[in-house]
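Peer 1:
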Amino acid sequence: MIKKISMFFLLFAAIGLLMNFTFKNFGDKKHTVYPNVVITGSETPVVNSTNPVIRTTNDLDPIYYTDSVLSLTDVRTGPETIYDLQSNGVPQQIWQDPNTPGNIHCVYTVNLTTGWPATDRRVYYCFSSDYGATWQDLGANPPTGSNGFGFCSGLSDGTAIIGGHTDFGSAPVRLQVFADVAPGAGTFTQLDPGQNPFNALQNIWGRIQPTSSLSNSTKFVVMGSVNSTALDTVTSFNRGLSVTSASYSGFVRDMNIANAETYSFSRGSDGRIGCVYVANDNVITSNSGKVYYMYSTDDGATWSTPVLVWNPPVYVDGVFGCLRGVTMTYVGTTPKVAFELLGITATGYYPGLRAAIGFWAPDVNGGNAVVTPFDSTWSQNGNGGATDVMTSICRPSIARSQDGQLLMMAFGVSRADTDAIGSHYYDVYLTTSTNGGANWKFPPTRLTNLSAPLRDNRFANLSPTNDLTGGYYYANLVYQSDSVAGSVTQTPPAAESLAKQRFIRVRFDPSTIGITNISNEVPARFSLEQNYPNPFNPVTKIRFSVPKASLVTLEVYDVTGRLVATLAKNESVTAGIKEVEFNASNFPSGVYFYSLKSGDFTTTKKMVLVK
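Residue numbers are given in my numbering: position 155 of the sequence shown equals residue 168, and the series is strictly consecutive.
#1: In chain order, what are the residue ranges of uninterrupted alpha helix (DSSP H) at least 4 long that sit wholly in the segment 561-587?
#2: Helix, strand or coil: which one does DSSP assign to Thr298?
#3: Taking the beta strand (DSSP E) that Phe557 falls in, what are its first and last residues?
#4: Leaving out five residues before and five after Val50 in sequence, what residues of the same chain have Cβ atoms less than 6 Å from its Cβ?
#5: If you draw a straight line from the C-alpha of Glu568 to the C-alpha of Ile286, how long is it?
#6: So what's Thr360 in DSSP terms, helix, strand or just coil?
#7: In whole angstroms, what separates the C-alpha of Thr615 from that of Ala581?
#8: Excluding the 5 residues preceding and the 5 following Ser260 in the sequence, name in chain order all residues of the same chain whose CB lies nearer than 6 Å to its CB.
#9: In the structure shown, what three-state DSSP assignment does Asn470 receive?
#10: Please name the residue, chosen from Gly483, Thr360, Ser510 and Ser602, that lies closest to Tyr47 on a Cα-to-Cα basis.
#11: Would a C-beta distance cut-off of 8 Å place Ala473 and Val497 closer than the cut-off?
#12: Taking DSSP as the reference, what is the three-state secondary structure of Ala537?
#13: Return helix, strand or coil for Asp133, following the three-state DSSP convention.
#14: Can you check DSSP and say which residues form a bridge with Ala292?
#15: Since Ala153 is in the beta strand (DSSP E), which residue starts that stretch and which ends it?
#16: Less than 8 Å separating the beta-carbons of Ile560 and Val593?
#17: Pop quiz: Gly450 and Phe352 are said to be a contact at Cβ under 8 Å. What is the actual Cβ separation, rounded to whole angstroms?
#18: Can you tell me whether DSSP reads Gly449 as helix, strand or coil?
#19: When burial is assigned at 16 or more other CB atoms within 10 Å of the CB, is Pro546 buried or exposed?
#20: Only counting the same chain, and skipping five residues up and downstream in sequence, which positions put a Cβ closer than 6 Å to that of Tyr328?
#21: My assumption, with CB atoms under 8 Å, is that Thr126 sits in contact with Ile175. Please give the rounded CB distance.
#22: What's the call for Pro409, buried or exposed, on a 16-neighbour Cβ count within 10 Å?
#23: Going by DSSP in three states, Asn378 sits in which element: helix, strand or coil?
#24: Cα separation between Asn38 and Thr45?
#25: Which same chain residues end up closer than 8 Å to Ala562 when comparing Cβ atoms and leaving out the 5 residues on each side of it in sequence?
#26: Can at least three beta-carbon pairs, one atom from the segment 208-226 and one from the segment 262-269, be found at a separation below 8 Å?
#27: Considering only C-alpha positions, which residue in the set Val320, Asn550 and Trp391 is nearest to Gly380?
#28: What span of residues does the beta strand (DSSP E) with Ala391 cover, start to end?
#29: Who are Asp193's beta bridge partners in DSSP?
#30: Rounding to the nearest angstrom, what Cα-Cα distance links Arg518 and Ile297 in this structure?
#31: Between Leu354, Tyr276, Tyr343 and Asn251, which has its C-alpha nearest Gly302's C-alpha?
#32: By Cβ distance, which residues of its chain are closer than 8 Å to Gly603, with the 5 residues on each side in sequence left out?
#33: Mind checking Asp97: buried by the 16 CB within 10 Å criterion, or exposed?
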C-alpha cells in the first residue's frame, strides 16, 4: 500500500484535502479515509517562507515530576529543528550501553533553515556519560551533505554505530553507516555499503543491529528500503564485516517486507538477531496489515521461516491491521513484539476510527497475539488535519530492563486539543509488564504535558535495554517536543516551529514491580518459602508471609554475592501471604540466592537455575 511520492500524488492529495478528504467519506469525520503517505525527506515544502518561526522559551530547563508510580527527569539533548518528521514508523534513536549504563547515545534529524531544504538536513549525535542528566551535542555526522532519518545503536565495546540516508562522499542520497572510534568521541568512520544493486532507487530508511561481539566475522546487520512499490526491490539486508572500513557481504532482497521503517531488530541473549516487520502487500494484496517475525542464528547470513504474528480481521471496508509502528525486544531468546493496529483500506487508513496496541510473544496466550487494553475504548480522540499516518494510539516502542524482569512500552496517544487545521496534539505514555507481557499496567502513565504550555510530543523510542541501578528499574527514552501539532512535511503542513529532542529518564516506584497477594490470612510471623519449581527454567515463584503491614525488600544474588535482580525494594505491603515471579531468561545456569528483608528480619534461601 505504500505509494511512491510524486508531484501528481501531492496535487491529488491537496485536492482531496480541499474536498475534506472525500476519498472515502461516510458523512462524518470518523469514517474519513486518509491517504497512506510516506515521507522521504526530499519533499518540496509548501510552507510560505514568510510564515513566522514559532519559538518557545525555557526549553533548556529540565522538567521534574514525581507521583505515586514513578519519578522522571526530562531534559533537552541538542539543537532545535524546523524539520520535524523524525520517522515514518517507530524511530531507533537511542542506545544505553548495558555494560556502562551511564553512557547513553542518541541521534536525531535537524534542519534549521526556513523552508527546510533537503540539502540542509543533518543527523546530530549527542552523548551523555551521566545517565542522561547532561548531554554533549557533538554536532552533525557526517558534517557535510544531506542526511536524515538517523538511527543509532552500539557495538560490544560500547562505541556508537549510527547512520541515515546521506550523499556524504558522493551522490546519490543512500543508506550509510558510521562507527565511532571510542565511546562518546563523536569521531565517526564512514562505512558506506554502496548503492542499491537492484535498480536506480536507493535505500533511504535504515535500521541496524550490532552482533554480540566485534570478534564475530559479521559486526552488524543493517537493513533499508526504497521509495517504491516494485515487487522485488522494496527492502534488503546487508552484513557489515568491519567497523574500520567499508566492507560488506552485499545486499540481499526480501520482497516480503514493506518499506518506510515498518521493521525492527533486536538481539537475544544467545546472540540471535530477530526482525519483526509489516508484510509487503504489494506482493500479495491479502498481506495487508499482517505482521511477521523471523530470526537469524548466524548473524544475518540466513533467516528462519517467518512466523505470522498478526493476521488482521476484516474491519469496515478493509482490515484491522498494522500500518507503520512495530518494534520488538527479547527476554532471553523469547521475542516480545508490539505493534499498532488501525483500520486499513485499499487506499489509505482511518485516523478517526478504532486504534489499539497489539502484543505477541510465543509464551503468552498460547502464542496468539492479543489486543492490549490500550485501545480506542480507553482513548477516543482520533486524529485529523494533516496526513501524518497516526491514529489515537500508535507507534509503540517496546524494550526491557537489563535483567529481563521488566518489560516497558512507550507509545503516542492523541489529545483532544487540535491546531487550526484539525491536527491533534500528542502525548507520550509509558506502561510496564512484570510477567513477560501477559499483563500490562493499566492505565498507562502519561509522561508529557504535565505542566503548561501545551506541546505536541511524538516519536518516542526507548533504549533497547534499560538499567537496574541502586535497586531501582529505569526507562530511558527520547521523543520530539514541538509547540505546533503535526509536521511541516505533511499535507496540509503545520506552521514552521522550533522542535527539539528531549530525553526522559524514568525511575519506577517499587510498587510497579508486581507482588501478588495470595491470601489475606494474617500469618503469625515473617517467613520465606522455598521457590517452586526448583530447579527451574527459566521462571519460578517465590512466596513469603508478612504478619503486619511492612516495608519489604526481596533481592536475588549470584554465587559471588553480586546483586542480580531486585524483585521488591522497600515496598509497602499489607499483612498476608504474598508471591513474586522471578524470570531468569537472561541469566546463566547456576545457583542463586534470594533474600527477604523487613526491618530487623532477614532470611535467605537457595534456588537452582538449570537451562
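Every residue, glycine too, gets a C-beta built ideally from N, C-alpha and C.
Peer 2: Taking the structure as given:
#1: none
#2: For this step, residue 298 is matched to residue 285 along the sequence shown. Of the three classes helix, strand and coil, the one that applies to Thr298 here is helix, per DSSP.
#3: Mapped onto the sequence shown, residue 557 falls at position 544. Its beta strand (DSSP E) spans residues Val552 to Val559.
#4: Walking along the sequence shown from the start, residue 50 turns up at place 37. Closer than 6 Å at Cβ, skipping near neighbours: Thr400.
#5: For this step, residue 568 is matched to residue 555 along the sequence shown. For this step, residue 286 is matched to residue 273 along the sequence shown. Distance between the alpha carbons of Glu568 and Ile286 is about 31 Å.
#6: Numbered from 1 along the sequence shown, position 347 holds the residue referred to as residue 360. Three-state result, Thr360: coil.
#7: Taking the first residue of the sequence shown as 1, we reach residue 615 at position 602. Taking the first residue of the sequence shown as 1, we reach residue 581 at position 568. The alpha-carbon atoms of Thr615 and Ala581 are separated by roughly 14 Å.
#8: In the sequence shown, the residue the question calls residue 260 occupies position 247. Answer for Ser260: Leu254, listed in chain order.
#9: Mapped onto the sequence shown, residue 470 falls at position 457. Here Asn470 sits in strand by DSSP.
#10: Start at 1 with the first residue of the sequence shown, and residue 47 comes out as number 34. Of Gly483, Thr360, Ser510 and Ser602, the smallest CA-CA separation from Tyr47 is found for Thr360.
#11: Residue mapping note: residue 473 aligns to position 460 of the sequence shown, counting from 1. Residue mapping note: residue 497 aligns to position 484 of the sequence shown, counting from 1. No, these two residues do not count as a Cβ contact at 8 Å.
#12: Within the sequence shown, numbered from 1, the residue matching residue 537 stands at position 524. Correct three-state label for Ala537: coil.
#13: Here the question's residue 133 lines up with position 120 in the sequence shown. Three-state result, Asp133: helix.
#14: If you number the sequence shown from 1, residue 292 lands on position 279. In the DSSP output, where bridge partners are listed per residue, Ala292 has Ile270.
#15: Start at 1 with the first residue of the sequence shown, and residue 153 comes out as number 140. Its beta strand (DSSP E) spans residues Gln149 to Ala153.
#16: On the sequence shown, residue 560 is found 547 positions in, with the first residue counted as 1. On the sequence shown, residue 593 is found 580 positions in, with the first residue counted as 1. Reading the sequence as shown, one finds Pro at residue 560 and not Ile. Not a contact, by the Cβ cut-off of 8 Å.
#17: As a position in the sequence shown, residue 450 is number 437, starting the count at 1. As a position in the sequence shown, residue 352 is number 339, starting the count at 1. That belief does not hold up - the Cβ atoms of Gly450 and Phe352 are roughly 12 Å apart, past 8 Å.
#18: In the sequence shown, counting from the first residue as 1, residue 449 sits at position 436. Coil at Gly449, not helix or strand.
#19: For this step, residue 546 is matched to residue 533 along the sequence shown. Under this definition Pro546 is an exposed residue.
#20: Start at 1 with the first residue of the sequence shown, and residue 328 comes out as number 315. Hits under 6 Å: Gly356.
#21: Taking the sequence shown and counting its residues from 1, one reaches residue 126 at position 113. Taking the sequence shown and counting its residues from 1, one reaches residue 175 at position 162. The Cβ separation is near 22 Å, so there is no contact.
#22: Residue numbering aside, residue 409 sits at position 396 when the sequence shown is read from its first letter. Pro409 comes out buried.
#23: On the sequence shown, residue 378 is found 365 positions in, with the first residue counted as 1. Asn378: helix per DSSP, three-state reduction.
#24: Your numbering for residue 38 matches position 25 in the sequence shown. Your numbering for residue 45 matches position 32 in the sequence shown. Bear in mind that the predicted position of Asn38 carries a pLDDT of just 36, short of 50, making it too unreliable to give a figure here.
#25: Taking the first residue of the sequence shown as 1, we reach residue 562 at position 549. Around Ala562, the same chain offers Ser585, Val586, Thr587 and Ala588 as residues with beta carbons nearer than 8 Å, after the five sequence neighbours per side are excluded.
#26: The segment 208-226 makes contact with the segment 262-269; the number of CB pairs closer than 8 Å reaches 3 or more.
#27: Translated into positions along the sequence shown, residue 380 becomes position 367. It is Val320 whose Cα lies nearest to the Cα of Gly380.
#28: As a working note, residue 391 is residue 378 in the sequence shown. The residue asked about is misnamed: residue 391 is Trp in this sequence, not Ala. Per DSSP, Trp391 belongs to no beta strand (DSSP E) and is neither H nor E.
#29: Locating residue 193 in the sequence shown gives position 180, where the first residue counts as 1. For Asp193, which the question treats as bridged, DSSP gives the partners Phe201.
#30: For the purposes of this step, residue 518 is taken as residue 505 along the sequence shown, with counting starting at 1. For the purposes of this step, residue 297 is taken as residue 284 along the sequence shown, with counting starting at 1. Cα-Cα distance, rounded: 42 Å.
#31: Taking the first residue of the sequence shown as 1, we reach residue 302 at position 289. With distances taken between Cα atoms, Gly302 lies closest to Leu354.
#32: Stepping through the sequence shown from its first residue, residue 603 is reached at position 590. Asp571, Val572, Val621 and Leu622, listed in sequence order.
#33: Within the sequence shown, residue 97 is the residue found at index 84, counting from 1. Asp97 should be labelled buried.
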